[in-house]
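Chains as they are written, first to last, in the numbering used here: chain Z, 1 to 416; chain C, 417 to 897.
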């Protein structure tokens, strides 16, 4: 009962942003982790371990609830090839959240838990009349995963865990302008994803008080929209109207698999250092295809090349317990972009990222408060029209993108 | 410790985050700040013909003038020290200028129907065949004159009421004998674009080789040199443009393929006869009849040598029928200039050796007229002239160290591959392609914007400038009803 009401309370807030990991992946699950550059695979910090490494959950001593919310503030600038006018996003704020609750006997080897988080998402609203308007004007991609989890400590040093990942909610809203000979029309694609299952499994090994190692695998889930709505507007000429009659679309977006290894080092009782390396299998994202129920300007489908490549992420972070109540954190991330040169699209104006994070927690006995802040610099990226022509990707725009993102997070913990 | 203590500790972080929010908007504009390089844009002069004037849809009217490529260039030059740029704009109330074609709709078969815009014209007198337009007195930066050939630039009286009405319009009455070359020489530019010479091939080509003439290479070379010398006399920098191969434009590429497709759909075999005349079409001229087949007309796949002009469109449905419609229309048009020995239609038909009871386009007695057909020999003449003219243009530009916009190469690529502008596909196709206006020869505002961007690329490369380009998609293709 408690879970359900918590879930419902949370779902109203759920949304993700492309701004916090390569592609449209979002790794903002735990507030403590956020403050430490997002490390967590080799650590057992709190209930958010369900996301980072379910195998570590059994090693989290406290049973309890962790709920966190983030505000992400993206600042994107774009200048079209040959131009000099800087375009900026209309709206830049999203609020991804995470909720994790774990239960089990106080001295037992089991932990059971449930996690709710938003591992993929993107929301961008481009400036009115910007040069790339026929590729994209607005995108809002949301996903909510619900993950019931079991973790078991085989020995004091070794634990395993797995969660059933349910794509409980997925939605896409994608809008673009349609180029007509003498004007622009507009199309909105809006759909909900089918419920799908995947898994999240991990192993956690802590050979000594000073060292821990974790391995985690999160499987791919194909977010599939079967019966989305197509809405055309602004197509006024009776010559063009008959060419834009579709009302339904179908599309599939891969929510890709990730394999991670993490290390934790505890040189003293108060200091914890984590290092994670992750491989995201973005190469599963080859094309973005929409199938329509009727012809759209002469075709019943549209296809656009993505050709993403697998990408590595390296995270380093640490926390230091200053007083019995206060813990401070810092970290950094280097995140390879899955998007190859000449394949950048306005949905994910992506490049390699370098991030710095800060965080702190204060605990009042059973209650704890976490805050985190991140600054993510996405490297400037330029693609020319020649790049696009060579790659067969002229459906997007040539120019230079640069994005910076600030993420502020607040988390609350309660231990039973 | 209590909560207020916590928030004291958290406050610096919150402040830090707050600073990040306001400070993190990336500034790309500084990377792309415009500069004039070694060029001085304070007095930009545009020299050319209808393409430079902003002619579109078979006419010169205000909207086309406002979106001419020189107007767009001048607008972009404002970022880098460009001065005022005066165009001989038609005024409100006379905004339709010479009149132009509009798209009125489509036939049931999907063929476009065009109509003439005849209201709010800037006509002050003259005759229907040769109107005179409302004068624009004062200095002008856009010296684009529709219809002018390079061979015309030293013709005295070209700006008089007997001359070119578009040049007459901007020529002060007191200087009616001023040649175009003298007008250009008096413009004292600091920067110029020069795109003359298209009409030295175009007039002959659009008449299917059946009227007008090709300028000789010697005449072209000499007059091109004089114009460029006049423009550079005071050390001005500039860009010249080559002449595109006109056989790539929709005027020649639209009708043949649709005619072939229509006949194929009606199960007319491609081996059916197609008879046409070659050479100048006039009474007393030896109009040689060539008997070929429909297969000789270029189809959508590019097979076949014969190009049909856009102006052939009204007569194609008469193929194979006993019809004199073309000859009656031709007679009506030619009548004012016909000699007294040709007093009426029947004498005219006899002089032309036409029998309108024979099947039009199928019989040697009633051939398809050469004015509507550009055959292989004529195409070769046009192509050779274009190549020779372009050699002269490039050589003179090299001599003066000017930039060259190779419009011939550019439009050949557009004809083959189209051109994508910020994610929008454009092709050289008629109406659907966005680039060419309803006359099939002159660009739309979109086409002119793309031309302006190509000029800008050459300017930036030649003079180390950073003139920003325009977003071509902000400019329309063909206007639909």
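Positions of the beta carbon are idealized from the N, C-alpha and C atoms, including for glycine. No experiment lies behind these values; they were computed from the predicted model shown.
Item	Value
Relative to the C-alpha of residue 88(Z), which candidate in 122(Z), 77(Z), 159(Z) and 73(Z) has its C-alpha closest?	77(Z)
Taking beta-carbon pairs under 8 angstroms, can you tell me which members of the segment 134 to 164 of chain Z lie near chain C?	134 and 135
Under the three-state reduction of DSSP, which class applies to residue 567(C): helix, strand or coil?	helix
Cα-Cα, which of 659(C), 692(C) and 722(C) is closest to residue 610(C)?	659(C)
In chain order, what residues of the same chain lie with their CB nearer than 8 angstroms to the CB of residue 448(C), ignoring the 5 residues before and after it?	882 and 884
Can you have a look at residue 404(Z) and say buried or exposed, based on whether 16 or more other CB atoms are within 10 angstroms of its CB?	buried
Within this structure, are the beta carbons of residue 488(C) and residue 506(C) separated by less than 7 angstroms?	no
Closest Cβ-Cβ distance between residue 895(C) and chain Z: below 7 angstroms?	yes
For a test of the three-state rule: what should DSSP assign to residue 879(C), helix, strand or coil?	helix
Could you compute how far the alpha carbon of residue 302(Z) sits from the alpha carbon of residue 176(Z)?	13 angstroms
Does any residue of chain Z have a CB that is nearer than 7 angstroms to the CB of residue 579(C)?	no
Name, please, each residue of chain Z whose Cβ falls closer than 8 angstroms to the Cβ of residue 836(C).	385, 388, 389 and 394
Output the residue ranges of the beta strand (DSSP E) runs that lie fully inside the segment 101 to 156 of chain Z and measure 3 residues or longer, sorted by chain position.	110 to 117, 121 to 125 and 138 to 153
Beta-carbon within less than 6 angstroms of residue 874(C)'s beta-carbon, same chain only, minus the 5 sequence neighbours each way: which residues are those?	655, 819 and 821
Measure how close the beta-carbons of residue 823(C) and residue 657(C) come, nearest whole angstrom, since I'm counting them as under 8 angstroms.	5 angstroms
Give a yes or no on whether the minimum CB-CB distance between residue 182(Z) and chain C is below 7 angstroms.	yes
Closer than 7 angstroms, Cβ to any Cβ of chain C: which residues of the segment 168 to 194 of chain Z, in chain order?	179, 181 and 182
What residues from chain C crowd round residue 97(Z), counting only those whose CB sits closer than 7 angstroms?	The premise fails here: residue 97(Z) is roughly 17 angstroms from chain C at the closest Cβ pair, so nothing lies under 7 angstroms.
Run through DSSP, which three-state label would residue 583(C) get?	helix
Between residue 570(C) and residue 597(C), is the Cβ-Cβ spacing less than 7 angstroms?	yes
Could you check if residue 220(Z) is buried or exposed, using at least 16 other CB atoms within 10 Å of its CB as the buried criterion?	exposed
Tell me the start and end of each unbroken alpha helix (DSSP H) in the segment 433 to 482 of chain C that is at least 4 residues and wholly inside, in chain order.	466 to 469 and 478 to 482
Can you look up residue 308(Z) in the DSSP assignment and give me helix, strand or coil?	coil
Along the segment 400 to 416 of chain Z, what residues have a CB closer than 8 angstroms to any CB found in chain C?	400, 402, 403, 404, 405, 406 and 408
According to DSSP, simplified to helix, strand and coil, what is residue 668(C)?	helix
Would you say residue 581(C) and residue 548(C) are within 7 angstroms of each other, going by their C-beta atoms?	yes
For residue 500(C), count neighbouring C-beta atoms within 10 Å of its own C-beta (all shown protein chains included) and say buried if the count is 16 or more, exposed if not.	exposed
For the segment 237 to 270 of chain Z, which residues have a CB atom closer than 9 angstroms to at least one CB atom of chain C, in sequence order?	237, 238, 239 and 240
Mind pulling the chain C residues with CB within less than 8 angstroms of residue 329(Z)?	Neighbours of residue 329(Z) on chain C: none; closest Cβ ~11 angstroms, over 8 angstroms.
Taking only three categories from DSSP, how would you classify residue 271(Z)?	strand
By alpha-carbon positions, which one of 668(C), 895(C) and 837(C) ends up nearest to residue 848(C)?	895(C)
Please name the residue, chosen from 244(Z), 32(Z) and 416(Z), that lies closest to residue 298(Z) on a Cα-to-Cα basis.	244(Z)
Between which two residues does the beta strand (DSSP E) containing residue 254(Z) stretch?	248 to 255
Please give me, in chain order, every unbroken run of the beta strand (DSSP E) with length at least 3 that falls completely inside the segment 159 to 236 of chain Z.	184 to 192, 196 to 208, 211 to 218 and 221 to 233
Could you give the distance in angstroms between the alpha-carbon of residue 600(C) and the alpha-carbon of residue 463(C)?	7 angstroms
Can you list, in chain order, the stretches of the alpha helix (DSSP H) that have 4 or more residues and sit fully within the segment 574 to 637 of chain C?	581 to 586, 596 to 601 and 615 to 622
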